[in-house]
Each structure stands twice: as C-alpha cells, then as structure tokens.
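K.L.:
Note that the protein sequences, when read in sequence, are chains A and B.
In case it helps, my numbering puts the first sequence at residues 97 to 419.
In case it helps, my numbering puts the second sequence at residues 97 to 419.
Shown below is the structure under consideration.
Number of protein chains: 2
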Amino acid sequence: MKVPPELISFLKEENRFFIATHINPEADALGSAIALSMALESLGKETIVYDRDSVPEFYRFLPGYERFRNSTSDLQPSHFNLILLDCNILKRAGIEGMRFNYSAVIDHHKTEKSTTQGSFGDIRWIEPEAAATGLMVFHLIKDLGVPITKEIAINLYAAISIDTGTFRYNNTTAEVLRVGAELIEAGVSPAYISHSLYETWSKERFTLLIMALNTLEIIDGVAITYVAKEMYKKTGANPEDTENFPNFPRMMNDIKVSAFYKEIGNNHWKASLRSKGTMNVAKIAELFGGGGHENAAGFEIKSDLESAKKSLLKALSQGKIDS
Amino acid sequence: MKVPPELISFLKEENRFFIATHINPEADALGSAIALSMALESLGKETIVYDRDSVPEFYRFLPGYERFRNSTSDLQPSHFNLILLDCNILKRAGIEGMRFNYSAVIDHHKTEKSTTQGSFGDIRWIEPEAAATGLMVFHLIKDLGVPITKEIAINLYAAISIDTGTFRYNNTTAEVLRVGAELIEAGVSPAYISHSLYETWSKERFTLLIMALNTLEIIDGVAITYVAKEMYKKTGANPEDTENFPNFPRMMNDIKVSAFYKEIGNNHWKASLRSKGTMNVAKIAELFGGGGHENAAGFEIKSDLESAKKSLLKALSQGKIDS
C-alpha cells in the first residue's frame with residue numbers, strides 16, 4: 097500500500113484540518129479519525145474532528161473519542177482543510193453544504209459520485225482493496241514519521257477489528273495481521289479491544305437482540321430479521337444498539353444472506369445485508385440506491401415491511417444466489 | 097520460542113512415530129497432530145496419528161483428519177516413538193497402559209504429574225506461555241526445514257484460532273499474529289477457517305439458541321438461561337448443539353456470571369458457568385461436586401430447575417461476586 101506523496105506534503109504543509117467521517121460512524125470511521133487527529137496534533141497541527149452523529153456509547157472506550165464534535169456553527173469551514181475519512185463524498189458525512197480550503201479523501205470504499213460533480217476531493221486516496229481505512233491511516237501515520245502511541249494503536253486496532261470481524265472476514269490478509277502485530281507491540285491488548293467491542297452490551301441491547309432474533313424467518317437461504325420502532329420502547333434500547341445484529345444469522349450454515357431491517361420512520365426501513373463467500377450484496381444494495389462491500393451492504397426503502405422483504409427476495413433470486 | 101535441539105535430533109534420527117493427543121480433542125490437538133504427521137511424512141518418516149475419541153463432525157474440515165485412528169490393536173507400541181501433543185501425561189490421551197520405544201512431549205499446558213511417576217517424557221518441551229500447541233508445532237516444522245504446505249497451514253491456523261478465540265483472548269500476542277500472517281501466505285483463507293469454526297450451525301441449533309435466550313433471567317448480575325428436554329423436540333436440535341450457549345449472555349457488560357442449565361434427566365440438570373474477569377466459577381462448581389477453570393466450569397445437580405437456580409444464586413452471593 098503506497099501513500100500518495102502529495103497527501104504527505106499536504107498534511108505536512110498545511111496547519112488546520114477538519115477531519116470528517118460518515119454519519120452513523122462505526123469503529124473504522126471513529127478510530128481512523130481519532131488516530132489521524134492525534135498524529136497531526138503531535139506534529140503541531142490544529143484539528144477539528146467531526147461527525148454529524150454523536151459517538152455511540154459502546155465506542156466510548158476509544159481513547160480520544162471526546163475529540164468528536166457534531167456542530168460546526170462556531171467555525172468557518174473555509175479556514176480549514178478537509179480530510180474526509182472512510183467515505184468519499186460530502187453527503188455521506190452530512191456536510192454537503194460546506195466549503196473548505198482544500199480537501200483530501202482517504203477511504204477504502206469504492207468511489208461514489210456526487211450528483212452535481214464528479215469524484216470529490218483535491219487529493220483522493222481510495223484503496224478498495226484495503227480491509228479498513230484504519231489500515232490506510234496506519235501507513236499514513238508511519239509515513240508522516242509520527243510514532244504509533246498506545247492511544248493511536250488502540251484506535252487503529254479497533255478500526256481494523258471492526259472491519260475485518262476481528263480477523264475473520266475474507267479481507268483479512270497477511271498484511272492485516274502484521275499491522276495488528278505492530279499495534280500490539282505499540283501497547284494494544286487484543287483481549288481488551290475484543291471485550292470492548294463484543295462484550296459490553298447493555299441488558300437493554302441484549303434484550304433487543306433476542307427480540308430481533310425472534311422475528312427470524314428463513315426463505316430460500318435468506319435469513320430475515322427486523323427491529324420495529326415499538327421494540328425500542330419495550331426494551332429501553334436505542335436504534336444504534338442494532339449494530340452487529342445482522343451478523344448473528346450468518347452463524348447458520350445454509351444461510352447465504354442475512355437481511356436485517358430496522359424501522360427508521362413510518363413505512364421507512366434501513367436494510368442491512370450480510371453475505372458469505374462470493375455472494376455480492378453490494379450489487380443488490382445498489383439496486384435499491386444503497387451500497388457497501390461485497391459481504392456487507394445496506395440501503396433504505398420506503399414501503400411496508402412485507403413489501404420490502406418481497407422486493408429484496410425478488411432481487412436476490414434474480415441475482416441467482418449460488419455462491 | 098526456542099525448539100529444543102534434542103527434539104529436532106530425535107525427529108530427524110528416528111523413523112517411526114506414534115503421534116497421540118488428548119481425549120475429547122479440539123482443533124489445537126487435532127490440527128497440531130495432523131500438521132506434524134504431514135511434516136514428518138514429507139521427511140520420509142512413518143507416522144500413526146491417534147486419539148481415543150473420533151474426530152468430531154465439525155472438525156472434519158481439517159485436511160488430513162482421516163489420518164486419525166482410535167484403535168491400536170493391530171500395532172506394537174514398542175516399535176514406535178511416542179510424540180504426545182497438547183497434553184503431558186499418558187492418561188490425558190487414554191494410553192496409560194502403553195509402552196513406547198522413546199517419548200517426546202510437546203504441550204502448552206502446565207505440567208501434570210502422573211501418580212506413579214514424575215513428569216512424563218524422555219524429551220519434554222512444555223511452553224505454558226505459548227497460546228497454542230499449534231504455535232509450537234509451527235516453529236518445530238520450520239526448524240525441521242519442512243516447507244509449510246497449504247494443508248499444514250490450515251491445520252495450524254485452525255489450532256491457533258481455537259485456542260485464541262481467533263485472536264480475541266488475552267494469549268493473543270504480536271507473535272501469534274505474525275505466525276498467522278505466515279500461514280495466510282502459505283495458503284490459508286482466514287474467512288474459510290472462521291466460517292468452518294463458527295458459522296456452520298444448523299438451522300435447528302440456531303433455533304434452539306433463540307429458544308434458550310428467551311429463557312433469560314438476570315438476577316444480581318447472574319444471567320440464567322436453560323434448555324429443557326422438550327426444546328429438542330420442538331426444534332429438532334440435539335443436546336450436543338448447546339455447546340457455546342453459555343457464552344452468549346457474557347456479551348452483556350453487567351453480567352458477572354452466565355449460568356446455563358441443560359436438562360439431562362428428570363429433575364437432573366447440567367449447569368455450565370461462565371464468568372468474566374476475576375470471578376472464579378471453578379470454586380462455585382466445586383461446591384456442587386463439579387469443577388473446571390476460573391472462567392469456565394460446570395456441575396450436575398439433581399433437583400427441579402427453580403431449586404437449582406436458587407441454590408446457585410445462594411452460593412454465588414455467599415461467594416461475594418465482586419470482580
């Protein structure tokens with residue numbers, strides 16, 4: 097993985113950075129942004145770390161998470177250089193109205209085109225083959241000559257963990273494990289990260305999971321589960337608590353796709369798709385105006401749940417699930 | 097990790113090896129034995145691979161698992177040199193009556209003493225700090241000068257995976273990840289191994305899990321779940337399918353102990369306890385005539401379920417759960 101020299105020059109020469117990442121941030125977005133902020137500040141730069149949404153409770157073990165702010169009302173974007181992380185169009189970060197001095201994009205997702213312009217960013221470093229943006233930021237920080245502190249390492253390890261299922265998905269390469277090894281040497285406790293990521297659920301969240309699993313239907317190798325709005329009230333859990341819910345039905349051998357629906361409005365659902373092997377759910381999600389990776393993708397749909405399920409099953413059967 | 101030179105000489109000079117591992121074998125025992133057998137055979141040696149028990153169905157994805165035999169009636173042990181893997185006394189392998197020419201022990205468990213003699217083995221290589229016996233066998237094979245084939249790599253990767261929770265337990269070191277990286281370069285697909293280890297549940301087993309989770313009660317930081325006999329009928333699942341069920345409630349932050357009850361007879365239950373941190377459930381299990389490790393223990397109890405729960409909660413409260 098080669099860091100573009102112009103990105104290094106940009107970060108070394110400029111002094112004020114606005115680091116933004118996508119809405120509904122997960123550990124790759126959060127950890128990458130915090131780590132880069134820490135690295136740049138150690139070089140004497142000023143950084144603002146922004147996400148439209150607040151840091152989910154269960155990611156607040158990340159050292160430096162309090163750097164995140166979700167308001168920009170007190171600052172002038174044009175005084176800052178943008179670093180857009182883990183997404184590649186402004187809209188994904190909810191900052192489409194803002195104009196910055198100069199902009200760099202660092203992302204491992206495939207390029208999205210905004211409607212009014214072409215690809216976004218004065219400097220674009222997009223590596224769809226990279227397992228995580230955190231992996232790219234690791235190389236970037238090393239190329240900047242900044243030592244990987246324990247706090248930076250924890251953020252990057254969490255970032256890489258969440259996007260590789262802690263080294264279980266097929267984006268887990270030899271290089272991913274070698275970077276993991278370096279981060280452990282920088283002070284990360286793998287058991288602490290895994291505990292923080294996977295074993296700190298609230299009782300309410302666990303109850304919501306059980307409720308979601310009780311909705312399980314299996315149709316033609318597709319496992320369908322959902323969380324309707326009233327379930328939040330019944331359990332006391334929050335919408336952000338559904339993170340990782342789509343992965344549970346994947347435990348079953350005969351499941352090719354796990355589809356999880358989450359009610360986000362009246363007749364308005366967010367669908368999360370998880371697949372195994374070569375079944376490409378990003379292509380399915382794109383049919384519905386969404387996107388993502390080969391084995392993890394999502395989209396929104398405005399319809400009642402039954403129709404939403406039916407249209408997905410139809411799309412999947414036309415896509416011939418035969419991984 | 098340094099392989100004893102006398103072990104290398106022994107393996108190079110002798111020609112006939114009986115590789116044995118512990119009863120109720122899991123992936124570290126199985127994978128280490130198969131990998132070592134393959135390596136020795138590539139050097140022109142003869143090997144017998146033995147376990148008293150047969151290879152569990154869900155480990156039959158390991159290439160070469162059919163090397164395992166569980167009978168010794170047609171061979172003369174004294175014509176063979178023993179390699180005892182992943183345990184360090186003959187009794188753990190169920191071969192305490194057998195006499196071999198010469199013996200080597202390769203294990204990462206603490207030394208057990210047999211009652212009639214001291215530590216067993218002419219050559220003893222015990223590394224309690226090693227995450228897995230598979231890690232030791234990896235270094236051994238390299239020191240023997242044998243190339244790590246894809247088949248050897250898959251066995252060793254599975255061995256290391258199972259004993260580190262696929263890089264999640266606190267025995268996951270930088271070295272463990274570096275060895276993982278080398279094994280990936282030798283041809284392992286991490287996603288295939290994780291899928292084989294964790295994602296091959298039957299629909300019936302998953303349905304039983306949901307049913308068990310629906311029985312969840314949380315009392316004083318103790319999560320209690322159970323599977324009653326009629327649930328097997330309802331789901332079509334088997335008693336062996338409850339493996340790993342006690343671990344799910346551990347996902348909750350405020351849970352100190354997860355207690356899972358499985359009905360094994362009329363008013364007869366098997367309790368499995370899982371704890372986090374410093375809460376020692378082996379001591380609790382011992383009160384009921386059972387045993388185990390600090391964070392994973394079990395016992396049987398003859399009573400109705402409600403009384404069984406009450407007596408456990410009483411024992412736990414007297415033990416003062418304050419990890």
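Using N, Cα and C, we set each Cβ at its ideal position, and we do this for glycine too.
Values in this document were obtained by computation on a predicted structure and should not be read as measured data.
For the putative contact between A:LEU304 and A:THR331, defined by C-beta atoms under 8 Å, what is the C-beta separation to the nearest angstrom?
P.N.:
At roughly 5 Å, the Cβ-Cβ gap stays under 8 Å, so A:LEU304 and A:THR331 are in contact.
K.L.:
Counting beta carbon pairs with one atom in the region 247-263 of chain B and one in the region 122-136 of chain B, are three or more of them shorter than 8 Å?
P.N.:
Yes: at least three Cβ pairs fall under 8 Å.
K.L.:
With H, G and I counted as helix, E and B as strand and the rest as coil, what does DSSP make of A:ASP203?
P.N.:
Three-state result, A:ASP203: strand.
K.L.:
Given that B:ARG346 touches chain A, what residues does it touch there, using C-beta distances under 7 Å?
P.N.:
Within 7 Å Cβ-Cβ: GLU295.
K.L.:
Determine the direct distance from the alpha carbon of A:LYS187 to that of B:SER292, and round the result to whole angstroms.
P.N.:
The alpha-carbon atoms of B:SER292 and A:LYS187 are separated by roughly 39 Å.
K.L.:
Rounding to the nearest angstrom, what Cα-Cα distance links B:GLU410 and A:PRO121 in this structure?
P.N.:
In the sequence as presented, Glu is not what sits at residue 410 of chain B; that position holds Lys. The straight-line gap from Cα to Cα measures roughly 43 Å.
K.L.:
Less than 8 Å between the CB atoms is what I'm expecting for B:ALA116 and B:ILE222, so what's the real figure, rounded?
P.N.:
About 16 Å; that fails the 8 Å criterion.
K.L.:
Hey, out of A:PRO101, A:ILE280, A:HIS389, A:PHE216, whose CA is closest to B:PHE263's CA?
P.N.:
The shortest Cα separation from B:PHE263 among A:PRO101, A:ILE280, A:HIS389, A:PHE216 belongs to A:ILE280.
K.L.:
Out of B:GLY193, B:GLY361, B:ILE250, B:SER407, which one is the CA nearest neighbour of B:LEU231?
P.N.:
Of the candidates B:GLY193, B:GLY361, B:ILE250, B:SER407, the one whose C-alpha sits nearest the C-alpha of B:LEU231 is B:ILE250.
K.L.:
Taking DSSP as the reference, what is the three-state secondary structure of A:SER298?
P.N.:
Residue state, collapsed to three classes: coil.
K.L.:
So for B:LEU309, helix, strand or coil by DSSP?
P.N.:
DSSP places B:LEU309 in helix when its eight states are reduced to three.
K.L.:
Whose Cβ in chain B lies nearer than 7 Å to the Cβ of A:GLY276?
P.N.:
Neighbours of A:GLY276 on chain B, chain order: LEU273.
K.L.:
I want to see whether chain B comes within less than 7 Å of A:LYS220, judged by CB atoms only; does it?
P.N.:
Note on identity: in this sequence residue 220 of chain A is Arg, with Lys being the wrong assignment. Judged by the 7 Å Cβ criterion, A:ARG220 is not in contact with chain B.
K.L.:
What residues of chain B sit near A:SER298, judged by a beta carbon separation below 9 Å?
P.N.:
Correct list: MET348, ASN349, ASP350.
K.L.:
Classify B:LYS405 as buried or exposed, calling it buried when 16 or more other Cβ atoms lie within 10 Å of its own Cβ.
P.N.:
Burial call: buried.
K.L.:
Would you say the beta carbon of B:ALA116 comes nearer than 6 Å to a heavy atom of the ligand MN?
P.N.:
Among the components of this structure there are no ligands whatsoever, and the ligand MN is therefore not found.
K.L.:
Taking C-beta pairs closer than 7 Å, name the residues in chain B that A:ARG264 reaches, listed in chain order.
P.N.:
Result: THR262, PRO286, ALA287, SER290.
K.L.:
Run the CB neighbour count on A:GLU339, radius 10 Å, all protein chains shown included, and call it buried at 16 or more, exposed below.
P.N.:
By the 10 Å Cβ count, A:GLU339 comes out buried.
K.L.:
Which residues of chain A have a Cβ atom closer than 7 Å to the Cβ of B:ALA270, listed in chain order?
P.N.:
Those are ALA277, ILE280, GLU281, listed as they occur along chain A.
K.L.:
Is there a Cβ from chain A that is less than 7 Å from the Cβ of B:ILE306?
P.N.:
At least one chain A Cβ lies under 7 Å of B:ILE306.
K.L.:
State the DSSP-derived secondary structure class of A:LEU178, mapped to helix, strand or coil.
P.N.:
Strand.
K.L.:
For A:PRO152, I'd like the list of residues in its chain whose CB is within less than 6 Å of its CB, leaving aside the five on either flank, ordered along the chain.
P.N.:
The residues are GLU336.
K.L.:
Which value, in whole angstroms, describes the spacing of the CA atoms of A:GLU421 and B:ALA392?
P.N.:
The structure shown does not extend to residue 421 of chain A, since chain A is modelled only from 97 to 419, so the question has no answer here.
K.L.:
Within 7 Å of any Cβ in chain B, is that where the Cβ of A:LEU409 sits?
P.N.:
It does not; no Cβ of chain B falls within 7 Å.
K.L.:
Inspect the CB distances between the region 192-208 of chain B and the region 171-178 of chain B and report whether three or more fall short of 8 Å.
P.N.:
The region 192-208 of chain B is in contact with the region 171-178 of chain B.
K.L.:
Are the beta-carbon atoms belonging to A:PHE302 and B:MET348 less than 7 Å from one another?
P.N.:
Their beta carbons are under 7 Å apart, which means A:PHE302 touches B:MET348 by this criterion.
K.L.:
Give the secondary structure of A:GLU339 by DSSP, where H, G and I count as helix, E and B as strand, and everything else as coil.
P.N.:
Residue state, collapsed to three classes: coil.
K.L.:
Helix, strand or coil, according to DSSP, for B:THR303 in the structure here?
P.N.:
Here B:THR303 sits in helix by DSSP.
K.L.:
Work out the CA separation of A:PHE216 and A:HIS205 for me, nearest whole Å.
P.N.:
So the alpha carbons of these two residues sit roughly 13 Å apart.
K.L.:
To the nearest angstrom, how far is the alpha carbon of B:PHE384 from that of B:SER167?
P.N.:
Cα to Cα, B:PHE384 sits roughly 35 Å from B:SER167.
K.L.:
Helix, strand or coil for A:SER371, going by three-state DSSP, please let me know.
P.N.:
Three-state result, A:SER371: strand.
K.L.:
I'd like the list of long-range same chain contacts for A:ILE104, defined as Cβ closer than 6 Å, with 5 residues on each side in sequence excluded.
P.N.:
ASP239.
K.L.:
Does B:ARG220 come out as helix, strand or coil in the three-state DSSP assignment?
P.N.:
Correct three-state label for B:ARG220: strand.
K.L.:
Please determine if the region 271-280 of chain A and the region 349-358 of chain A are in contact, where contact requires at least 3 C-beta pairs separated by less than 8 Å.
P.N.:
The region 271-280 of chain A vs the region 349-358 of chain A: no contact.
K.L.:
With respect to the beta strand (DSSP E) encompassing B:ALA333, which residues constitute its N-terminal and C-terminal limits?
P.N.:
Careful: B:ALA333 lies outside any beta strand (DSSP E) and carries neither H nor E.
K.L.:
Thinking B:GLU295 and A:ARG148 are a contact (beta carbons under 8 Å), I'd like their distance in whole angstroms, please.
P.N.:
About 34 Å; that fails the 8 Å criterion.
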